[in-house]
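Sequence order for the protein chains is A and B.
Position 293 of the first sequence, counting from 1, maps to 293 under our numbering, and the rest follow consecutively.
One rule links them: number in our numbering = place in the second sequence (from 1) + 334.
Cβ coordinates follow ideal geometry from the N, Cα and C atoms, glycine included.
There are 2 protein chains.
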Amino acid sequence: MRVPFEKLKSEFERILLSIGFNPEKALQCATIFSENSRDGVYTHGLNRFPVFVELVKDGYVNPDAEPSKEHGFGSLEQWNGNSGPGMLNARFCMNRAIDLARENGIGCVAVKNTNHWMRAGTYGWQAAEAGLIGICFTNTIANLPPWGGLDPRLGNNPLVVAVPHKDGHIVLDMAISQYSVGKLNQYKSNNETLPLPGGYDDNGNLSTDAAAVLASQRLLPIGFWKGSGLSLVLDLLATVLSQGNSTAKITQSGKESGVSQVFICIKPADSSTTEPLIDEIISYTKTSRPVEEGSTISYPGENSLKTRERSLRDGVLVDERIWEKVLEIKGIYY
Amino acid sequence: MRVPFEKLKSEFERILLSIGFNPEKALQCATIFSENSRDGVYTHGLNRFPVFVELVKDGYVNPDAEPSKEHGFGSLEQWNGNSGPGMLNARFCMNRAIDLARENGIGCVAVKNTNHWMRAGTYGWQAAEAGLIGICFTNTIANLPPWGGLDPRLGNNPLVVAVPHKDGHIVLDMAISQYSVGKLNQYKSNNETLPLPGGYDDNGNLSTDAAAVLASQRLLPIGFWKGSGLSLVLDLLATVLSQGNSTAKITQSGKESGVSQVFICIKPADSSTTEPLIDEIISYTKTSRPVEEGSTISYPGENSLKTRERSLRDGVLVDERIWEKVLEIKGIYY
Numbered sequence: 001m002r003v004p005f006e007k008l009k010s011e012f013e014r015i016l017l018s019i020g021f022n023p024e025k026a027l028q029c030a031t032i033f034s035e036n037s038r039d040g041v042y043t044h045g046l047n048r049f050p051v052f053v054e055l056v057k058d059g060y061v062n063p064d065a066e067p068s069k070e071h072g073f074g075s076l077e078q079w080n081g082n083s084g085p086g087m088l089n090a091r092f093c094m095n096r097a098i099d100l101a102r103e104n105g106i107g108c109v110a111v112k113n114t115n116h117w118m119r120a121g122t123y124g125w126q127a128a129e130a131g132l133i134g135i136c137f138t139n140t141i142a143n144l145p146p147w148g149g150l151d152p153r154l155g156n157n158p159l160v161v162a163v164p165h166k167d168g169h170i171v172l173d174m175a176i177s178q179y180s181v182g183k184l185n186q187y188k189s190n191n192e193t194l195p196l197p198g199g200y201d202d203n204g205n206l207s208t209d210a211a212a213v214l215a216s217q218r219l220l221p222i223g224f225w226k227g228s229g230l231s232l233v234l235d236l237l238a239t240v241l242s243q244g245n246s247t248a249k250i251t252q253s254g255k256e257s258g259v260s261q262v263f264i265c266i267k268p269a270d271s272s273t274t275e276p277l278i279d280e281i282i283s284y285t286k287t288s289r290p291v292e293e294g295s296t297i298s299y300p301g302e303n304s305l306k307t308r309e310r311s312l313r314d315g316v317l318v319d320e321r322i323w324e325k326v327l328e329i330k331g332i333y334y
Numbered sequence: 335m336r337v338p339f340e341k342l343k344s345e346f347e348r349i350l351l352s353i354g355f356n357p358e359k360a361l362q363c364a365t366i367f368s369e370n371s372r373d374g375v376y377t378h379g380l381n382r383f384p385v386f387v388e389l390v391k392d393g394y395v396n397p398d399a400e401p402s403k404e405h406g407f408g409s410l411e412q413w414n415g416n417s418g419p420g421m422l423n424a425r426f427c428m429n430r431a432i433d434l435a436r437e438n439g440i441g442c443v444a445v446k447n448t449n450h451w452m453r454a455g456t457y458g459w460q461a462a463e464a465g466l467i468g469i470c471f472t473n474t475i476a477n478l479p480p481w482g483g484l485d486p487r488l489g490n491n492p493l494v495v496a497v498p499h500k501d502g503h504i505v506l507d508m509a510i511s512q513y514s515v516g517k518l519n520q521y522k523s524n525n526e527t528l529p530l531p532g533g534y535d536d537n538g539n540l541s542t543d544a545a546a547v548l549a550s551q552r553l554l555p556i557g558f559w560k561g562s563g564l565s566l567v568l569d570l571l572a573t574v575l576s577q578g579n580s581t582a583k584i585t586q587s588g589k590e591s592g593v594s595q596v597f598i599c600i601k602p603a604d605s606s607t608t609e610p611l612i613d614e615i616i617s618y619t620k621t622s623r624p625v626e627e628g629s630t631i632s633y634p635g636e637n638s639l640k641t642r643e644r645s646l647r648d649g650v651l652v653d654e655r656i657w658e659k660v661l662e663i664k665g666i667y668y
């Protein structure tokens, strides 16, 4: 089922207003949720919206909280998210990093005590739309074992790198696990085999059986020992730079809230200089003969843009059951 | 066979002096080559030294060249490596990024027209020794197909993230390919099976047969489509920020020279603030039960430090044939 983008957004807005968001924040959050679904990231758009509403109702996300500055030294700043909505804090911090980069070439903003930012790529697109290179990452609850270990001790710590480009920004948005827990659950309930190994089974063998991977809790980091190291250093950077909660602390608290994030912006040269270089790289990459005849090589973000166009033209794809559920959400103030 | 660290260094120094390096540069390069072997990265220490000497003799690396500044805006600078020795240019640029970060919290230096920096981790250790967070990466000649493609169009673009730590710095040093071409060749000539899939064979199946992967040229990026995207964005950042050669240009030139690199430094808070956070993360990670009984979980850089201690105590491990060859290298000036 497809729903017009504006309908999706106004429904989110109605509900957010009813649970204590002021009009400006309700519009901003509604826009991010509906844009995430619009770009095809349904897991962090409509599908996540009911969970978000519960977190607000339960007091884990405070719609009134504003980020406050803790420290600043030149182009490096630490902020406190004060348990506000993760999307608004992240949007604010990337804007702040954009300003710092415009003033000084590069800027870095670390934020502690914030909440889930939903789709990581949102803030990469934000930087690229402003004409800047954006890099950001977050820590999470532990859901991956370190290399050589059995028990989850590392987060899947999504990482974003965005490069502005006139023909469609290049936006890499990747978690450090090969497949997310959500994706594994989806394969499990559909009784489908993973296209590539997603972790180990209880016997210690690489497996494409999502149920077996979920049972062992041994999800695979990208590149085996390499992703394990990458996840660890991203948590170190987020925690040290924000002086906030580590994956260890978040996991021990039992709730994925109060996370730490980093936003880096870099101001590239004028597009007259950079665009020919970007074109050169993209067009060279696309000359690789496709594995499957007739298919083409895509860069990160290219398909999001296609999904976006289709969503705006024909409506945003929604899971009908979740959409019906959202239409029925009642506020707490009326 | 083991050789004292100082012997290795003085032999490198002797040869570098004989091929046109001034005393200061000869000592700096000799130190980096011998430290790479000392830390166990033999492929970019002794084993690579004869190749480096040939590149100098053939004029691809100019020992007299000094980096020159092309542009600067606040904490972001572009430099030209002027075809000088890659290790010295990289060392210079990381020092420059350290200075910028000390002045302004964060600094970024991009360099074009430089040469292979040997061990990527060298410059991460350099930042960490100075008490700063260091991030650096380089582009390379194409040696990986993009996801969905058959022909190599992406570099393995090594990426380093280093965090200073009193008990031994955390230094992630990883190429984006699961195994390097050198490592695959080693498994092939030893007739050994790869411990994990390293790419595809000619039939399009994931394979642990190094010879089959080398034959198909379909080496695996870490995390399949994810590493493919990561390699692409690292090349974009290096090329756009330095305004230098892309993997496309380097590959088309047929020689892995004139590469582009980026060095980012960030000044963390005082160690009294950061060390407890780092200890918390490391100690939590190490509580994961090991897959193999009796083994322990290590963080990136931890084993390098153990190898370093052993090398300084008992001598640096060398490949005897290569060592003999190096002892016989004659200069071009005497």
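Cβ neighbour criterion (16 or more within 10 Å) applied to residue i
i, result
"Asn525 of chain B", "exposed"
"Asp173 of chain A", "buried"
"Val385 of chain B", "exposed"
"Asn104 of chain A", "buried"
"Leu646 of chain B", "exposed"
"Pro145 of chain A", "buried"
"Gln252 of chain A", "exposed"
"Asn537 of chain B", "exposed"
"Pro164 of chain A", "buried"
"Pro531 of chain B", "buried"
Neighbour flag for residue i against chain A, beta carbons, 8 Å
i, result
"Pro492 of chain B", "no"
"Glu614 of chain B", "yes"
"Asn438 of chain B", "yes"
"Gly489 of chain B", "no"
"Pro338 of chain B", "no"
"Ser550 of chain B", "no"
Contacts that residue i makes with chain B (C-beta to C-beta distance below 7 Å)
i, result
"Arg289 of chain A", "Gly483, Leu484, Asp485"
Partners in chain B for residue i, counting only beta-carbon separations shorter than 8 Å
i, result
"Gly81 of chain A", "Neighbours of Gly81 of chain A on chain B: none; closest Cβ ~17 Å, over 8 Å."
"Tyr299 of chain A", "Gly563, Leu566"
Where residue i meets chain A, residues with beta-carbon distance less than 7 Å
i, result
"Phe558 of chain B", "Leu196"
"Ile504 of chain B", "Val233, Leu236"
"Ala582 of chain B", "Glu280, Ile281, Tyr284"
"Ser629 of chain B", "Gly148"
"Pro479 of chain B", "Ser288"
Proximal chain B residues relative to residue i, where beta-carbon distance stays under 9 Å
i, result
"Lys267 of chain A", "Phe407, Gly408, Leu410"
"Gln186 of chain A", "Here the premise fails: no neighbours, minimum Cβ distance about 17 Å."
Inter-residue CB distance, residue i and residue j (contact presumed, cutoff 8 Å)
i, j, result
"Pro268 of chain A", "Gly563 of chain B", "Not really, about 19 Å apart at Cβ, beyond 8 Å."
"Phe597 of chain B", "Val495 of chain B", "Contact doesn't hold; Cβ gap of about 12 Å is too wide."
"Leu553 of chain B", "Asn477 of chain B", "6 Å"
"Val547 of chain B", "Gly533 of chain B", "4 Å"
"Asn449 of chain B", "Pro419 of chain B", "6 Å"
"Pro63 of chain A", "Gly20 of chain A", "5 Å"
Proximity test, Cβ basis, 8 Å: residue i and chain B
i, result
"Gln28 of chain A", "no"
"Thr273 of chain A", "yes"
"Tyr179 of chain A", "no"
"Met1 of chain A", "no"
"Gly258 of chain A", "no"
"Lys7 of chain A", "no"
"Leu277 of chain A", "yes"
Contact list for residue i against chain A, beta-carbon separation under 8 Å
i, result
"Leu661 of chain B", "By Cβ distance, chain A contributes nothing, its closest Cβ being about 35 Å from Leu661 of chain B, past 8 Å."
"Met508 of chain B", "Gly223, Lys226, Gly229, Leu230"
"Gly538 of chain B", "Val291"
Within chain A, partners of residue i - CB distance below 9 Å
i, result
"Val497 of chain B", "Val233, Leu236, Leu237, Val240"
"Ser638 of chain B", "The premise fails here: Ser638 of chain B is roughly 12 Å from chain A at the closest Cβ pair, so nothing lies under 9 Å."
"Gln577 of chain B", "Ala269, Thr273, Thr274, Leu277"
The ligand SAM heavy atom lying under 7 Å from the CB of residue i
i, result
"Ala101 of chain A", "With respect to the ligand SAM, the structure offers nothing, as it holds no ligand at all."
Scan the segment 106-133 of chain A for residues whose Cβ lies nearer than 8 Å to a Cβ of chain B and list them as they occur along the chain.
Result list: Ile106, Gly107, Cys108, Ile133.
Problem set entry | Members of the segment 347-362 of chain B near chain A, C-beta cut-off 9 Å | Within the segment 347-362 of chain B, no residue has a Cβ lying closer than 9 Å to any Cβ of chain A.
### Query
In the segment 416-431 of chain B, which residues sit with their C-beta less than 7 Å from some C-beta in chain A, listed in chain order?
Residues passing the 7 Å Cβ filter: none.
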